[in-house]
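Enquirer: Under the numbering used here, read the sequence shown as residues 5 to 228, first letter to last.
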Amino acid sequence: MHHRTVGELMTRDVVRARRDMPFKEIVRLLAENDVTAVPVVDELDRPIGLVSEADLLRKSSGQTDLSGLAPIPHPEAWERAKAEGARAEEVMSAPCVCARPDWTVVEAARLMEVHGVKRLPVVDEADRLQGIVSRGDLLRIFLRDDDAIRDEITQVVLRATLGPAAADVTAEVREGQVRLGGSVETKTLIPVIERLCQSVDGVVSVAQHIVSRSEDSPDPAAGR
């Protein structure tokens with residue numbers, strides 16, 4: 005099976021900021037390019053951080069509210085430093101969590117989940133910036149056509165991978181939801197087919213209604 009990679013889904017024309025870019029230039033950069041965050045790179049074009057609208061808004065939230073209507077908790081030292089920052093390297097979030105172009109969607113999504121980030125700069129073997137991938141980019145696999153998903157399940161999973169053992173299994177796909185039917189010789193094959201189908205890019209869910217033509221050998225431990 006061919007899993008879509010980060011390199012296939014990422015944005016290649018990346019808007020970036022240099023470490024010494026002034027605060028107002030960063031704001032202008034985001035506005036002019038209609039983006040909410042940009043990687044900050046060093047002299048070798050290696051990401052050293054990421055500056056987002058949330059980072060920049062600390063400048064406003066750190067200002068004194070003369071009205072007294074919106075008290076905020078006393079900021080931590082690092083929050084005060086960001087609020088007082090005037091250059092990209094002073095307001096960015098660091099270190100930069102990055103991905104590789106050959107990573108699968110699953111690998112990138114797990115890294116985003118673990119670190120609680122919305123986007124990942126993509127770097128090559130020398131850690132130079134190659135692109136950027138967002139959560140929206142990863143979700144694009146779920147826009148795959150139902151016919152393409154069904155063809156991959158039928159031709160790649162059932163025929164090429166499992167062969168004759170799954171010759172009588174059928175697959176229907178609607179809105180990314182897979183319904184498996186038909187029969188197999190032994191019931192132990194059923195969860196294997198289900199897991200393989202779940203791993204196909206674009207699959208939302210799998211419902212299996214496969215029956216076994218013969219029962220597997222009884223488990224000696226059963227009934228103890």
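In this text, a Cβ means the ideal position worked out from N, Cα and C, and glycines have one as well.
Rank Arg104, Arg132, Arg178, Arg23 by C-alpha distance to the C-alpha of Met96 and give the top, closest one.
Expert: The count along the sequence shown starts at 1 and reaches residue 96 at position 92. The residue with the shortest Cα to Cα distance from Met96 is Arg23.
Enquirer: With DSSP as the reference, identify every bridge partner of Ser56, one or two as the case may be.
Expert: Taking the first residue of the sequence shown as position 1, residue 56 is located at position 52. Looking at the DSSP assignment, Ser56 forms a beta bridge with Ala41.
Enquirer: Leaving out the 5 sequence neighbours to the left and right, which residues in its chain are closer than 8 Å to Ile136 when beta-carbon positions are compared?
Expert: For the purposes of this step, residue 136 is taken as residue 132 along the sequence shown, with counting starting at 1. The answer, listed in chain order, is Met14, Thr15, Val18, Pro43, Arg123, Leu124, Pro125, Val126.
Enquirer: Could you give the distance in angstroms between the alpha-carbon of Arg114 and the alpha-carbon of Leu143?
Expert: Reading the sequence shown from its first residue, position 110 is the one you call residue 114. Reading the sequence shown from its first residue, position 139 is the one you call residue 143. Between Arg114 and Leu143, the C-alpha separation is close to 13 Å.
Enquirer: In the DSSP output, what is Gln181 paired with across the bridge?
Expert: The count along the sequence shown starts at 1 and reaches residue 181 at position 177. Gln181 is bridged to Arg178, Ser209.
Enquirer: Classify Arg22 as helix, strand or coil using the three-state DSSP reduction.
Expert: Locating residue 22 in the sequence shown gives position 18, counting from the first residue. The answer is strand: DSSP assigns Arg22 an E or B state.
Enquirer: Can you tell me whether Leu13 is helix, strand or coil according to DSSP?
Expert: The residue labelled residue 13 in the question sits at position 9 within the sequence shown. In the structure shown, Leu13 sits in a helix (DSSP, three-state: H, G or I).
Enquirer: Does the beta-carbon distance from Asp128 to Pro105 come in below 9 Å?
Expert: Taking the first residue of the sequence shown as position 1, residue 128 is located at position 124. Taking the first residue of the sequence shown as position 1, residue 105 is located at position 101. Yes, Cβ-Cβ distance for Asp128 and Pro105 is below 9 Å.
Enquirer: Exposed or buried, which one is Glu57 when buried takes at least 16 other CB atoms within 10 Å?
Expert: Counting from one through the sequence shown, the residue named residue 57 turns up at place 53. Under this definition Glu57 is an exposed residue.
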